[in-house]
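Sequential numbering of the sequence shown, starting at 1, is according to UniProt numbering.
Okay, so here's the structure we're looking at.
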Amino acid sequence: MSPAATPLPALDTAPLALVVDLVRSGRARTRRDLVALSGLPRKAVAQRVDQALELGLLEHGDLAPSEGGRQARTLRFHAGAGHVYGVLMGASEITAAVLDLSGTVLDSEHLDWSVETGPEPTMKQVDGLLETLAERTGADTPWAIGVGLPGPVEFATGKLVAPPIMPGWDGFSARSWLRDHHDAPVWVDNDTNLMALGEWSRGTPHDGRDMLYIKVGTGIGAGLVTHGRLLRGEHGAAGDIGHIRVTDDPGTVCRCGRTGCLEAVVGGWALLREATARAAEGPAFAAALRDHGELKGADLGNAVLAGDPLALELLDRSATVLAGVTANLLNFCNPGTLVLGGGVLKTGPRFLERLRDTVFERCTDLVCRDLTVRAASLTEHGGVIGAGLLAAGNLLTLPALTRWVDRGSPLGQAALLQRFSAEIV
Ligand SMILES: [Zn+2]
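Written as structure tokens, this is what we have:
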């Protein structure tokens, strides 16, 4: 169907969508608020609220504080009206979850799995996890699906573009694959972006300030949330900092094929490469190599926690190099909070402390003023929460809501909402 043939929403859905949106966003808590904020007549507000309650999109909350007259019942969005699926793929693991519309995880599954296996087998595993979750929760008709992938995602199409650690995935569309298997709109993003979105929306403390999120794990990535929105840039590549050049040493070869990349110095895989080559200098690494033949991410954490001198040297050097790049980013975008996330948190507080010290040395006074530097609070589920919020958020923007609100559910309109999403994200 051409865009011109897109069915127009019924004329009266706009006020209903507005009422639901004002309550969901927290701007309105009572009918009185709605009258003040919507510009709709009191009677129209009352009718739309009744309709939204009947459709199950709003529900009554507590009694509002008295303003002299009768106490009003507050209204709140009914996050349980529907559910979404969230999927987060890492280099060596998959997490899938069923979430309500506010990003609360209702149930989740985790699987150790290498993305190097290729798209088709990996997506079958994803679908298997979703099937298990659907059976367990009864949530077998998601309103939408959000997916995070460990590579550069062209956001408009959901396709991977030259992902360095995902052989066979170049040009693959997880959106198309999932759309063939589920009658739901699918949105795909880079994993770090979704970790940032999850942490900003549901992490603690929550202060609503701009946030720069840096993920340090096998790979390195960043996500920037300003005014509550992720910065994606022209094609979705914003925040892909792993391949910023930090050294002219031609021997520092990166997985992307270039040399001197941040990831080739700081990424978990690069540290393991160096620890393996220099294992004679690190007793914990030497013992791990004797024990299981090759070093894994967990060995790095254990070696740091055991005080292995080589492990501490690698960790400190990584923190200093990353801090240099991070300070430049902070000087550029001046967020209120810098959050460190990813597997590096399993090595204890040392990395964050080094990062914080160097960042405060190198940032300007105004950037340092009120800057909070902290570890991610959502370590396990931050990414799938972000994936769920991406999916739910796209369904619940005011323009999208207008398309389906009068039916109480977007089910059955996946194609329309997917096509329409280019305008709303
Ligand atoms: Zn690189």
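All residues carry an ideal CB built from backbone N, CA and C; glycine is no exception.
Remember, it's a predicted structure, so these values are computed and weren't measured experimentally.
- Contact check for Ala-306 against Lys-296 fails: the beta carbons are separated by 9 angstroms or more.
- Assignment of alpha helix (DSSP H) within the stretch 221-301, counting only whole runs of 4 or more residues, yields 262-266, 268-277 and 283-292 in chain order.
- If you draw a straight line from the Cα of Leu-355 to the Cα of Ala-319, it is about 5 angstroms long.
- Here Ala-303 has Ala-275, Gly-282, Ala-284, Phe-285, Ala-288, Leu-310 and Ala-311 as same chain residues with Cβ atoms under 8 angstroms from its own Cβ, once five neighbours each way along the sequence are excluded.
- Counted as a single uninterrupted DSSP element, the beta strand (DSSP E) harbouring Leu-338 occupies residues 337-341.
- A distance criterion of 8 angstroms places the beta-carbon of His-235 beyond contact range of ligand 1, judged by its closest non-hydrogen atom.
- With fewer than three CB-CB distances shorter than 8 angstroms, the stretch 168-176 does not count as touching the stretch 357-365.
- The stretch 211-223 and the stretch 393-405 do not touch, with fewer than three beta-carbon pairs separated by less than 8 angstroms.
- Distances between the C-beta of Arg-73 and the heavy atoms of ligand 1 are all 8 angstroms or more.
- Taking the Cβ of Cys-333 as the reference point, every heavy atom of ligand 1 lies at 8 angstroms or farther away.
- Contact between Leu-197 and Leu-416 does not hold, since the beta-carbon distance rounds to 24 angstroms and is not under 8 angstroms.
- By the 16-neighbour rule on beta-carbons within 10 angstroms, Ser-66 is exposed.
- Annotated three-state conformation of Phe-77 is strand, per DSSP.
- By the Cβ rule, the stretch 372-381 counts as touching the stretch 332-352, because three or more pairs are nearer than 8 angstroms.
- Counting only runs of at least 3 residues, the stretch 363-396 fully encloses the following beta strand (DSSP E) elements, listed from N- to C-terminal order: 372-375.
- Classified as buried, Thr-30 has 16 or more neighbouring CB atoms from the shown chains inside 10 Å of its CB.
- Annotation: Thr-259 to Ala-392 spans about 40 angstroms, alpha carbon to alpha carbon.
- Take the alpha-carbon of Ser-92 and the one of Lys-159: they are about 20 angstroms apart.
- The beta carbons of Leu-329 and Trp-143 sit no closer together than 9 angstroms.
- Annotation: Glu-135 is outside any beta strand (DSSP E); the continuous alpha helix (DSSP H) that includes it extends over 119-137.
- Taking non-hydrogen atoms of ligand 1 into account, the C-beta of Arg-24 is found less than 8 angstroms away from none of them.
- Remark: C-beta atoms of Val-115 and Val-105 do not approach each other more closely than 9 angstroms.
- Ranked by how close their Cα comes to the Cα of Gly-386, the residues Val-246, Thr-157 and Asn-190 have Asn-190 in first place.
- At least 9 angstroms separates the beta-carbon of His-227 from that of Asp-248.
- Between ligand 1 and Gly-268, a heavy atom-to-CB distance of less than 8 angstroms is absent.
- Approximately 7 angstroms separates the beta-carbon atoms of Gly-336 and Asp-207; this is inside 8 angstroms, confirming the contact.
- Residue environment: Pro-250 is assigned as exposed (fewer than 16 neighbouring CB atoms within 10 Å of its CB, all protein chains considered).
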